[in-house]
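Residue -10 is where the sequence shown starts when you use the working numbering, and the numbers rise one by one after that.
The C-beta atom is built at its ideal place from N, Cα and C for all residues, glycine as well.
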Amino acid sequence: MENREIARLLAETADLMEIAAEDGFRIRSYRNAASVIEGFPERVEDILSNPERKITEVPGVGKGIATALEEISKRGSFEKRDTLLAQYPPTLLDLLKIQGLGPKGIALVYQHHKVATIDELERLCKEQKLRELPRMGAKLEEKVLKSIAQYRQRTGRFLLSFGKRVADELIPYLAEGGGLEKIAAAGSLRRGKETIGDLDLLATGPGAPEALERFLKHPKAHNILGKGVNKASIQFGLEGLQVDLRALADESYGAAMQYFTGSKEHNIVLRSRAQKLGLTLNEYGLFRVENEQRVAGETEEDVYRALGLEWIPPELRENCGEIEAALEGRLPKLIELADIRGDLHMHTLETDGRATLEEMAEAARALGYQYIAITDHSKALAMANGLDEKRAVEFAKHVRKLNRDGLGIRIFSGLECDIRRDGAMDLAEDALAELDIVVASVHSHMNLEAAEMTDRLLRALESPNVRVLGHPTGRILLNREAYPFDFERVAGEAARRDVYLEINGSPERLDLASAQVRTAKGLGAKFAISTDSHHPKHLAVNMQYGVITARRGWLEAGDVLNALPLARFEKAIRKS
Ligand code: DGT
Ligand code: CA
Ligand code: CA
Ligand code: ZN
-10 MENREIARLL
0 AETADLMEIA
10 AEDGFRIRSY
20 RNAASVIEGF
30 PERVEDILSN
40 PERKITEVPG
50 VGKGIATALE
60 EISKRGSFEK
70 RDTLLAQYPP
80 TLLDLLKIQG
90 LGPKGIALVY
100 QHHKVATIDE
110 LERLCKEQKL
120 RELPRMGAKL
130 EEKVLKSIAQ
140 YRQRTGRFLL
150 SFGKRVADEL
160 IPYLAEGGGL
170 EKIAAAGSLR
180 RGKETIGDLD
190 LLATGPGAPE
200 ALERFLKHPK
210 AHNILGKGVN
220 KASIQFGLEG
230 LQVDLRALAD
240 ESYGAAMQYF
250 TGSKEHNIVL
260 RSRAQKLGLT
270 LNEYGLFRVE
280 NEQRVAGETE
290 EDVYRALGLE
300 WIPPELRENC
310 GEIEAALEGR
320 LPKLIELADI
330 RGDLHMHTLE
340 TDGRATLEEM
350 AEAARALGYQ
360 YIAITDHSKA
370 LAMANGLDEK
380 RAVEFAKHVR
390 KLNRDGLGIR
400 IFSGLECDIR
410 RDGAMDLAED
420 ALAELDIVVA
430 SVHSHMNLEA
440 AEMTDRLLRA
450 LESPNVRVLG
460 HPTGRILLNR
470 EAYPFDFERV
480 AGEAARRDVY
490 LEINGSPERL
500 DLASAQVRTA
510 KGLGAKFAIS
520 TDSHHPKHLA
530 VNMQYGVITA
540 RRGWLEAGDV
550 LNALPLARFE
560 KAIRKS
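Dropping the structure here:
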């Protein structure tokens, strides 16, 4: 490990100690050691492995830090850090980048509201709940929100779900101005990318020039970045998402849609294909080079067809083989929202959900689903009041009774069973065997070495009762990286054991990532697209994002467990 990385571990630990309100002297000693090591000319690892040398020669390194350094060089972490990370989620460290709260405030919002991510902190402020805590107030809420906005601008990307909400606010607003033929979002939002850099809107119709003016007058247009004849750009809302609006001629709409949907890489290949055919492709249309004659442009379908290609769904436009597939007429028939027959991951008031089983069932029934599985947490998530064996078995019994009475939708008894640090299931197998479907997920000890994490997940797959591996990488978008492990090995083993990989549609997760979906499919894996809903309203919203992610992973309905009709689904989850 390089000095820079070692220094980061020490500094991070000091931050966590500060949140835990530990002794200031010890915190300073970690910080001090971190800053010395970061700038130290020799590698700490080299000194440690040299029997002639002593690590305490390094200034700022006393006995305690020396022990920590030895542990770090052996296994990449150390006891103090592990203890703190068992107590606090690592995302709390991100909150330190938000001005206003400080370590004490972070500890407070975590204790009182379990706020552990920037998004959750933002929600807390918007709901005006921060001010209710000791020594906090409305002023501070404002300051924190502003700081979050600035932080996001720095990092520069936003959740897809956020972009979608902005688009859903702006499009009807612009349409209300009248005179528009078409108005739609292009760019990464249309491709369904999990995060977006900015929002690209396109409009046609006689009212398009006025729409540009109206756009600049939107109450949340905080900062006008530019205004031309055909284009205007603003920063939207406190969050400062950049939005570009372009006014186009009708005859160019398809070409512009194609051009501004991207991706850049997809477009490069498409343009070179046009060239080979003696054509030139730009945002105005597809033209013959020799006489500038317009060949296509009004619709995207026309543009692709004129290039000898099937129309390519936006989710595939990443230059990952889609153009070749379109040429040969072998594009996948991508799964659609309408293919989904049920939802296999949701929580209720029994643990950390915010509605009853009946309310979740009713919402799912209203979506036209045939079935759902209720998967509350297991006991390791004590804060969420997770189920122990006794409650799990009773729950299974309760669901059998519910189904006899009938709720208008079939309920499966499930559990989101915690995967313990060693890969064992949180509940005894005989209790799990009573349930219809077990989703196994990691919620703690995410800082293991890749090899250990791989073994942990492989062991979890060995449980005869596990049917789905929940949010398999643990990533939280814009907040927490996936934990490291041998993904291909785990995906291959899941395929071999008939364990379905979850595509968690919660917009902060989208886990698996689409590229992993595609890799896993190549290894023979099958998938469950689930919402991890904690409220009835999540069921519809999150499923959209789950399906988009599956489409970006090239999945067809046949790859997805919960696209099966009830009878076949029941057979598929039955234990052999
Ligand atoms: P984002 O906004 O970072 O999430 O990603 P995109 O794909 O929305 O990229 P953006 O907003 O820069 O541009 C929208 C599309 O416009 C992009 O996918 C490809 C297309 N495009 C056309 N001409 C250019 C160009 O000169 N540069 C770039 N970067 N994109 C271009
Ligand atoms: Ca964009
Ligand atoms: Ca853009
Ligand atoms: Zn979970």
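* To do: Pick helix, strand or coil for K52, following the three-state DSSP scheme.
  => helix
* Residue environment, K69, which counts as buried when at least 16 other CB atoms sit within 10 Å -> buried
* Looking at the unbroken beta strand (DSSP E) that takes in S402, where does it start and where does it end? -> Taken as a continuous stretch (DSSP letters only), the beta strand (DSSP E) holding S402 covers 399 to 407.
* Got a sec, what are the start and stop residues for the alpha helix (DSSP H) N256 sits in? -> 253 to 265
* Asked: If D407 sits next to T462, beta carbons under 8 Å apart, how far is it from one beta carbon to the other, in whole angstroms?
  -> Between T462 and D407 the Cβ distance is about 16 Å, and since that is not below 8 Å, they are no contact.
* Asked: Taking the C-alpha atoms as reference points, what is the distance between G88 and V133?
  -> It should be pointed out that residue 88 corresponds to Gln in this sequence rather than to Gly. One C-alpha to the other measures close to 6 Å.
* Asked: Thinking C-alpha only, which one of M246, I61, A22 is nearest T45?
  -> The alpha carbon of T45 has as its nearest neighbour, out of M246, I61, A22, the alpha carbon of A22.
* Could you check the C-alpha separation between E545 and N256 for me, to the nearest Å? => 25 Å
* List the whole-angstrom C-beta distance separating Q220 from A192, where the pair is believed to meet the contact cut-off of C-beta under 8 Å. => The amino acid occupying residue 220 in the given sequence is Lys; Gln does not appear at that position. So it is not a contact: roughly 11 Å between Cβ atoms.
* Taking contact to mean at least 3 C-beta pairs separated by less than 8 Å, is the segment 417 to 428 in contact with the segment 61 to 81? -> no
* To do: Label K52 either buried or exposed according to how many other C-beta atoms from any shown protein chain fall within 10 Å of its C-beta, with 16 as the threshold for buried.
  => exposed
* Asked: Going by the C-beta, is G215 closer than 7 Å to any heavy atom of ligand 3?
  -> no
* Which residues in the same chain as Y19 place their Cβ atom closer than 6 Å to its Cβ, once the five residues preceding and following it in sequence are excluded? -> L(-1), T2, A3
* Asked: At which residues does the beta strand (DSSP E) containing A221 begin and terminate?
  -> 220 to 225
* Asked: Do G176 and ligand 1 come close, with the Cβ less than 7 Å from some heavy atom?
  -> yes
* Straight-line CA distance for D365 to R456? -> 15 Å
* Heavy atom of ligand 1 within 7 Å of I137 beta-carbon -> Residue side-chain check: I137 keeps its Cβ at 7 Å or more from all non-hydrogen atoms of ligand 1.
* Could you tell me the distance, in whole angstroms, from the CA atom of R478 to the CA atom of N271? => 43 Å
* To do: Please indicate yes or no: does the CB of K253 lie closer than 7 Å to some heavy atom of ligand 1?
  => For K253, the Cβ falls inside the 7 Å cut-off from some heavy atom of ligand 1.
* To do: Provide the residue span of the alpha helix (DSSP H) that contains T508, from first to last.
  => Per DSSP, T508 belongs to the alpha helix (DSSP H) from 503 to 511.
* Thinking C-alpha only, which one of V488, I537, M532 is nearest A504? -> I537
* **Y585 beta carbon near ligand 1 (any heavy atom closer than 7 Å)** => Here the chain covers residues -10 to 565 and nothing more, so residue 585 does not appear.
* To do: Going by DSSP, name the residue or residues bridged to I518.
  => I492
* Asked: Three-state secondary structure (DSSP) at Q231?
  -> strand
* Three-state secondary structure (DSSP) at K103? -> coil
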